[in-house]
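Visitor:
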Amino acid sequence: MNDIIRRQRRHSTEHLETLCDSETYQRFVEAQQELEADSESIELLETYQQKQDALQDGEFDPAVMSELRDLQTEIENNETIQEHRDARAELVALLEQTNDVISERIGQEFAQSRGGGCC
Numbered sequence: 003m004n005d006i007i008r009r010q011r012r013h014s015t016e017h018l019e020t021l022c023d024s025e026t027y028q029r030f031v032e033a034q035q036e037l038e039a040d041s042e043s044i045e046l047l048e049t050y051q052q053k054q055d056a057l058q059d060g061e062f063d064p065a066v067m068s069e070l071r072d073l074q075t076e077i078e079n080n081e082t083i084q085e086h087r088d089a090r091a092e093l094v095a096l097l098e099q100t101n102d103v104i105s106e107r108i109g110q111e112f113a114q115s116r117g118g119g120c121c
């Protein structure tokens, strides 16, 4: 039994290394670093989140909705943020494909929820 566990750990480690070495993951890491280094982009995202929170916490305010639309346009036009979003979407797709392969090999959903949460 110990051999089986060791083999599974080795395969898991090799798989993780392959993912971390992938161009998709490296692109995401670079995009994350660029986003974190871009104070203007971070401020834009934080402001958007604050306005969104204010709208959810209070009554409907058309002025806040207008500000949110303007901020959303700025976010959509921000190259750093869009590069990060694109890189994240590609990484998520890669991880979903990985999940499908693992699920197929083990004969059940690999990343299946085991309950809890609201959904």
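Counted from 1, the sequence shown has number 88 at position 86 by my numbering; the numbering is strictly sequential. Where is the CB? At the ideal position from N, CA and C, for every residue including glycine.
Which stretch, first to last residue, makes up the alpha helix (DSSP H) that contains N79?
Guide: Along the sequence shown, read from residue 1 onward, the residue named residue 79 stands at position 77. Per DSSP, N79 belongs to the alpha helix (DSSP H) from P64 to N79.
Visitor: Determine the burial state of H124: buried for a count of at least 16 other Cβ atoms within 10 Å of its Cβ, exposed for fewer.
Guide: Since the displayed the chain opens at 3 and closes at 121, residue 124 lies outside it and no answer follows.
Visitor: Decide if S43 is buried, meaning its Cβ has at least 16 other Cβ atoms within 10 Å, or exposed.
Guide: One-based indexing of the sequence shown puts residue 43 at position 41. With 16 or more Cβ atoms within 10 Å of its Cβ, S43 is classed as buried.
Visitor: If you draw a straight line from the C-alpha of D40 to the C-alpha of T82, how long is it?
Guide: Numbered from 1 along the sequence shown, position 38 holds the residue referred to as residue 40. Numbered from 1 along the sequence shown, position 80 holds the residue referred to as residue 82. Each residue's Cα considered, the two are about 8 Å apart.
Visitor: Classify A113 as helix, strand or coil using the three-state DSSP reduction.
Guide: Translated into the one-based positions of the sequence shown, residue 113 becomes position 111. Of the three classes helix, strand and coil, the one that applies to A113 here is coil, per DSSP.
Visitor: With DSSP collapsed to three states, give me the class of S24.
Guide: Taking the sequence shown and counting its residues from 1, one reaches residue 24 at position 22. If DSSP states are grouped into helix, strand and coil, S24 belongs with coil.
Visitor: DSSP three-state call for E19: helix, strand or coil?
Guide: Start at 1 with the first residue of the sequence shown, and residue 19 comes out as number 17. It is helical.
Visitor: Measure from the alpha carbon of E48 to the alpha carbon of each residue in Q74, E36 and F30, then state which is nearest.
Guide: In the sequence shown, counting from the first residue as 1, residue 48 sits at position 46. Cα-wise, what sits closest to E48 is Q74.
Visitor: Would you mind reading off the limits of the alpha helix (DSSP H) that contains E48?
Guide: Walking along the sequence shown from the start, residue 48 turns up at place 46. Unbroken alpha helix (DSSP H) run through E48: S41 to D59.
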